[in-house]
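One structure is given below, encoded as structure tokens.
Number of protein chains: 4
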Amino acid sequence: MSQSVNRVILVGNLGRDPELAARREGDGKIANIAVATSESWNDRNTGERREKTQWHRVVCFNDHLSSVIERRCQKGTLVYVEGHLETRKWTDQQGQDRYTTEVIIDRFDGNIKVLGNGRNTGEGRFDDDRPSRSAAPRSAANTPGGSDLDDEIPF
Amino acid sequence: MSQSVNRVILVGNLGRDPELAARREGDGKIANIAVATSESWNDRNTGERREKTQWHRVVCFNDHLSSVIERRCQKGTLVYVEGHLETRKWTDQQGQDRYTTEVIIDRFDGNIKVLGNGRNTGEGRFDDDRPSRSAAPRSAANTPGGSDLDDEIPF
Amino acid sequence: MSQSVNRVILVGNLGRDPELAARREGDGKIANIAVATSESWNDRNTGERREKTQWHRVVCFNDHLSSVIERRCQKGTLVYVEGHLETRKWTDQQGQDRYTTEVIIDRFDGNIKVLGNGRNTGEGRFDDDRPSRSAAPRSAANTPGGSDLDDEIPF
Amino acid sequence: MSQSVNRVILVGNLGRDPELAARREGDGKIANIAVATSESWNDRNTGERREKTQWHRVVCFNDHLSSVIERRCQKGTLVYVEGHLETRKWTDQQGQDRYTTEVIIDRFDGNIKVLGNGRNTGEGRFDDDRPSRSAAPRSAANTPGGSDLDDEIPF
DNA sequence: TTTT
DNA sequence: TTTT
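Protein chains in written order, with the UniProt record's numbering: chain A, 1 to 155; chain Y, 1 to 155; chain S, 1 to 155; chain R, 1 to 155.
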């Protein structure tokens, strides 16, 4: 179990179209996206509005989800991403150790969501792309004879 | 410090317009919103598409933020909410104990975000509503002479 | 995809031993735990230390994980829980509609972690309980010839 | 508001004692900690147990919280950290651009918690260190005449 | 009921 | 470097 947690949640816009990486043998497609988050504040001294953008390297190792990213996302798309941090080591041309930190999208179901923009305007549901391999959520309220909460706001 | 964590993150749509509650003395405005989240899956047995909606009572005790909710949110608005769970006890008309669980929006800055729909279409930034009381984010990259990451994707 | 997110993170202590519910046909064991979170603050007016505890109904529908909860958790155990909110409707003895909100533990791997106390003191790893059905994490750094970050501190 | 979210949650152990950085003028103390998270799995091919550790640079820019980290944390301490990602640019000795990604602890209250080990065994509460500047949580259940949930289990 |  |  490892007594540890490594969790990242991002909501932001793609800075460019997704890059579909070369397929590694047996592993399927890999998608790389650049996600921007920004915060703004009023400068204490000048009173001016300031803004700061962070760019995040987000990587998807799942073949099917990468295809969906390819189809549904483009420069400007607003996405929700849930993943974990990984820092990988590489060697630059001068032979020096370099480290790059990425957000790895964790699991298939629900860890990336298209929230707006891009190609997702009214063309049907994302889930339509998925084969029926997705299991039913496991909980009481999904059982037959269960809640009719779906039909009305219960409060 | 209490060695505990109580954290909720929701992205969903408002099921109705916000309700601005009566002002409690000295506490400012309170906003109540009904947020829907849903998940869908293919039924194992029938193969049919099924969907399940959850409704969340979300409460904001901050006066200023409640005003913003009032202005910026309406039925259908997609919001991001970050808060914590509270269950409060009350007594019904039969004199019985009842419990209601709500998501309390945690702090002012950034714990509710309008992601789409509603009144937020191109009318300027949410932050324009805020007085300059918001402090500058505290971190290295915000210092003078700092990063020019804002101008370009660095990867 | 549903354009929505419903996510709860708790770190808190069990208020009593886990309750293993009756097995529903075909669904395996269900575990119910009561998790307390608390926050404390200094009262603005009196200056006294005040504390507030929240109790959370946490439910696990996974058979194997429920067994682990049964073995590893007891009254007082500190746990990390990651799940989502569900409110289910039921009818009380007076025939009135009632609603109960629970935190449903999301998926098997890593969504409950024993952080301390209870029976988890030095009795071996939680993972030893698991059969080898757990898949390898999918990411670059796990590939053969990959990173040797594990062996040394990169900063 | 910026329509974006940048959020990191870590639970892990300190790999070394905290490093208290030089004070920047007017900004107070800065604490740097190295937090390890790890995951383990059974190798698909060999069946062997494998483990992978990630190291996270975590930075605290808050003076008071940095003092607490200094006192309460040491090599081996298990901590909960909530923050956001920042990547800062710097120039190495060869004059090349380099980027380092860090987790910045977000705000004062509750964004770092000592969960175990280290110096936190029975020496009194963390909160005792804090002056009474912490405001009361704002919510219904904290009001006078409010809930007595604290005293009894509601389920 | 828990815990600090 | 940590921890299980």
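Glycine included, C-beta positions come from ideal geometry on N, C-alpha and C.
Nothing here was measured: the structure is a model prediction, and the numbers come from that model.
- Under the DSSP definition of a beta bridge, C73(R) lacks any partner.
- Straight through space, the alpha carbons of E86(A) and E39(A) are spaced by roughly 24 Å.
- Under DSSP, R49(S) forms a beta bridge with N42(S).
- Rounded to the nearest angstrom, the Cβ distance from T37(Y) to G15(Y) is 11 Å, too far for a contact under 8 Å.
- Under the three-state reduction of DSSP output, D106(S) falls in the coil class, being neither helix nor strand.
- In this structure the stretch 89-109 of chain S lies against the stretch 53-62 of chain S, because at least three pairs of beta carbons, one per stretch, are closer than 8 Å.
- Closer than 8 Å at the C-beta level to chain R, one finds these residues of the stretch 35-49 of chain A: A36, T37, S38, E39 and S40.
- In this structure, the CA atom of T101(S) is about 10 Å from the CA atom of Q54(Y).
- With a beta-carbon spacing of about 5 Å, T77(R) and N117(R) fall inside the 8 Å limit used to define contacts.
- For R7(S), the enclosing beta strand (DSSP E) covers residues V5 to L14.
- For G116(Y), the enclosing beta strand (DSSP E) has its first and last residue at I112 to G116.
- Counting other Cβ atoms within 10 Å of its Cβ, I69(Y) reaches 16 or more and is therefore classed as buried.
- For D92(R), the three-state secondary structure derived from DSSP is coil.
- Scanning its chain for C-beta atoms nearer than 6 Å, with the 5 sequence neighbours on each side dropped, one finds around Y99(R) the residues T87 and K89, in chain order.
- Residues of the same chain with a CB within less than 6 Å of the CB of L115(A), apart from the 5 flanking positions on each side, are L78 and Y80 in chain order.
- Contact of F155(S) with chain R is assigned, a C-beta pair being separated by under 8 Å.
- Leaving aside the five residues that flank R50(R) on each side, the residues in its chain whose CB is nearer than 8 Å to its CB run, in chain order, S40, W41, N42 and D43.
- At a cut-off of 8 Å, the C-beta of L10(A) has no neighbouring C-beta in chain Y.
- Look at D63(S) here: in three-state DSSP terms it is helix.
- Any Cβ of chain R closer than 8 Å to the Cβ of Q54(A) would place that residue at the interface, and such an atom is present.
- I33(A) sits close to C73(A), with the two beta carbons spaced by under 8 Å.
- Near chain R, meaning a CB-to-CB distance below 8 Å, the residues of the stretch 106-117 of chain S are G110, K113, L115 and G116.
- Here S66(A) is near I30(A), since their CB atoms are less than 8 Å apart.
- Contact of N32(R) with chain A is not assigned, every C-beta pair being separated by 8 Å or more.
- Below the 9 Å Cβ cutoff, chain S contributes L115 and G116 as neighbours of L78(R), in chain order.
- With a threshold of 16 other beta carbon atoms within 10 Å, E19(R) falls short and is exposed.
- Excluding residues up to 5 positions away in sequence, H84 and L85 lie with their Cβ nearer than 7 Å to the Cβ of N6(R) in the same chain.
- With contacts defined as CB atoms closer than 8 Å, Q94(S) and Q94(Y) qualify as a contacting pair.
- Contact note: N62(R) does not reach chain A at a C-beta cutoff of 9 Å; the least C-beta distance is about 16 Å.
- Using a Cβ-Cβ cut-off of 8 Å, Q94(Y) counts as an interface residue toward chain S, since at least one Cβ of chain S sits closer than that to its own.
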